[in-house]
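One structure is given below, encoded as structure tokens.
There are 2 protein chains.
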Amino acid sequence: MATDRRRTILEGAARVIARHGVRGLRMETLATEAGVSTALIYYHFKDRAGTLRHTLEFISDRADRYTGDGGGEGGGGSTPGPHDARQELEQSLLLEFQELPEVRENSITWGELRASAIFEPELRGDLARATLTRIHDVADLLGRVRPTATAPALTASAERLTGLLEGLSTRWLSGALPLSHAHALVREAVALEIEHLSR
Amino acid sequence: MATDRRRTILEGAARVIARHGVRGLRMETLATEAGVSTALIYYHFKDRAGTLRHTLEFISDRADRYTGDGGGEGGGGSTPGPHDARQELEQSLLLEFQELPEVRENSITWGELRASAIFEPELRGDLARATLTRIHDVADLLGRVRPTATAPALTASAERLTGLLEGLSTRWLSGALPLSHAHALVREAVALEIEHLSR
């Protein structure tokens, strides 16, 4: 029950941020959006910073749902081989560009939280951690594709791929980059990094 | 005189956006910051959207000043050869990451305008144009390094390099990515794309 309420509030926060940006997130707006009292929000998340931090966690988890499980093809439980790992990697990166309301909302919210860490220092720690987790996940998949590559090389490739994704995401969301072209650019970037890691 | 006033207003707008974000740019705040009346702002830029558009142009021009002229080494007036072009390309990309107040302010403002195009559709056209100009400049330099590469391949490489820059810029500005590491990642990305274009 309390979990349901928390979830409702966090879903509402993601919607408000996707619509009005992080700076548009006022506790009163969120309370109205989620259909709860501001007191309940403070009870669950302490303050605005706490709410933002939990929203970040919430959308990270939600993104895992549509990027983490691959397309179902490469699955099967045990550690995948190099070919499957490459497919899983491409999927996990490409699935961030999808014309689905949930994905779009998640991408906007995620981009907003990233950008607002410039202005809201209290968000930085959690954001840096979330970014690192993502980089490590991608480095891990790259390592399965290229088992002989060094850890620093894998991390650098993962930093570039995730950084590229973040840059292209803003272009896509503001209508400057068509979805299919975003996919083509990312797919080629993956090919370049994998080629680079095999040298 | 009128040009000085315009400039003062636009410098003020860049400062306000760097401090409070695009959504923090109110005409009254800007008037106070620039030491002019709101009427004068409306006179020069018509409305808030007009002010944002001109600020975008202003910071693009200002960025050209510190990225466009290279480091002075590669200069000399006439079309540079492949080696100079590569140096000029690296410089123009790396100079966006500098620990100078002007560069930092410019990068924050530029990132804010990009991100806000998601929420403010009237900014999208100008922003897409500014992005395209940047992509073409980078594609042009890549073409001088690799004269045999096709135009679509050059454009795709330029789209990735500029996209990567935008992604890494947010990380740098929010303290998640040290300057020297940003430089290393960009330098390697340039090497990968040039390698790719020579195939």
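Going down the list, the protein sequences come from chains A and B.
The numbering of the first sequence is the numbering used here, which starts it at 17 and goes up by one.
The numbering of the second sequence is the numbering used here, which starts it at 17 and goes up by one.
Built from N, CA and C at the ideal position, the CB exists for glycine as well.
Query	Result
Please decide whether Glu216 (chain A) counts as near chain B, where near means a Cβ-Cβ distance under 8 Å.	Residue 216 (chain A) lies beyond the residue range present for chain A, which begins at 17 and ends at 215; the question has no answer from this structure.
Does the Cβ of Gly141 (chain A) have 16 or more other Cβ atoms within 10 Å, making it buried, or fewer, making it exposed?	exposed
Would a check of beta-carbon distances place Glu182 (chain B) closer than 8 Å to chain A?	yes
Tell me which residue opens and which closes the alpha helix (DSSP H) that Gly51 (chain B) is part of.	Per DSSP, Gly51 (chain B) belongs to no alpha helix (DSSP H) and is neither H nor E.
Checking contacts by CB at 8 Å: is Phe135 (chain A) closer than that to chain B?	yes
Please list, in chain order, all residues of the same chain as Thr125 (chain B) whose beta carbon is under 6 Å from its beta carbon, the five residues on each side excluded.	Ala30, Ile33, Ala34, Ile75
Compare the C-beta of Ile33 (chain B) against all C-beta atoms of chain A and say whether one is closer than 8 Å.	no
Is it true that the CB of Val202 (chain A) sits closer than 8 Å to the CB of Leu110 (chain A)?	yes
List the residues of chain A that Ser76 (chain B) touches, going by C-beta distances under 8 Å, in chain order.	Under the 8 Å cutoff, chain A gives no residues; its nearest Cβ is about 15 Å from Ser76 (chain B).
Count the CB pairs spanning the stretch 169 to 180 of chain A and the stretch 177 to 187 of chain B that are closer than 8 Å, and state whether there are at least three.	yes
Does the Cβ-Cβ distance between Ala200 (chain A) and Leu157 (chain A) come in under 8 Å?	no
Taking 8 Å as the threshold (beta carbon to beta carbon), is Ala29 (chain A) in contact with chain B?	no
Could you spell out where the alpha helix (DSSP H) holding Arg39 (chain A) opens and where it closes?	Run containing Arg39 (chain A): none; DSSP gives neither H nor E here.
Output yes if chain B places a C-beta closer than 8 Å to the C-beta of Ile210 (chain A); else output no.	no
How many Å lie between His36 (chain A) and Arg42 (chain A) at the Cα?	10 Å
Could you tell me how far apart the beta carbons of Glu112 (chain A) and Ser196 (chain A) are, in whole angstroms, since I believe they sit closer than 8 Å?	That pair is no contact at about 14 Å.
Between A:Trp188, A:Tyr59, A:Leu139, which has its C-alpha nearest Glu121 (chain A)'s C-alpha?	A:Trp188
State yes or no: is the C-beta of Ser132 (chain B) within less than 8 Å of the C-beta of Val38 (chain B)?	yes
Which of helix, strand or coil does DSSP assign to Ser214 (chain B)?	coil
Can you tell me the Cβ-Cβ gap for Ile151 (chain B) and Glu128 (chain B), rounded? I've got them flagged as a contact below 8 Å.	Rounded, the Cβ-Cβ distance is 20 Å, inconsistent with contact.
Should Arg162 (chain B) be labelled buried (16 or more other beta-carbon atoms within 10 Å of its own) or exposed?	buried
For Ser214 (chain A), return the contacting residues in chain B, with the cut-off set at a CB-CB distance below 9 Å.	Going along chain B, no residue has its Cβ under 9 Å from Ser214 (chain A), so there is no contact; the nearest lies around 12 Å.
In the DSSP assignment, the alpha helix (DSSP H) including Ser132 (chain B) goes from what residue to what residue?	117 to 132
Does the beta-carbon of Ser190 (chain B) have 16 or more other beta-carbons within 10 angstroms, so that it is buried, or is it exposed?	buried
Taking the alpha helix (DSSP H) that Leu158 (chain B) falls in, what are its first and last residues?	140 to 161
Short of 6 Å in beta carbon distance, which residues of its chain neighbour His170 (chain A), apart from the five on each side in sequence? Order them along the chain.	It should be noted that the sequence gives Leu, not His, for residue 170 (chain A). Correct list, in chain order: Ala155, Leu158, Gly159.
Where does the unbroken alpha helix (DSSP H) through Asp100 (chain B) begin, and where does it stop?	98 to 110
Within the 8 Å Cβ cut-off, does Glu106 (chain B) reach chain A?	no
Are Leu139 (chain B) and Leu46 (chain B) closer than 8 Å when you measure CB to CB?	no
Decide if Ser123 (chain B) is buried, meaning its Cβ has at least 16 other Cβ atoms within 10 Å, or exposed.	buried
Checking 8 Å against the spacing of the C-beta atoms, do Ala192 (chain A) and Ala144 (chain B) come in under that value?	yes
List the residues of chain A whose Cβ lies closer than 7 Å to the Cβ of Gly37 (chain B), in chain order.	Arg39, Phe135
Measure the CB-CB distance between Glu118 (chain B) and Ala172 (chain A) and report whether it falls below 8 Å.	no
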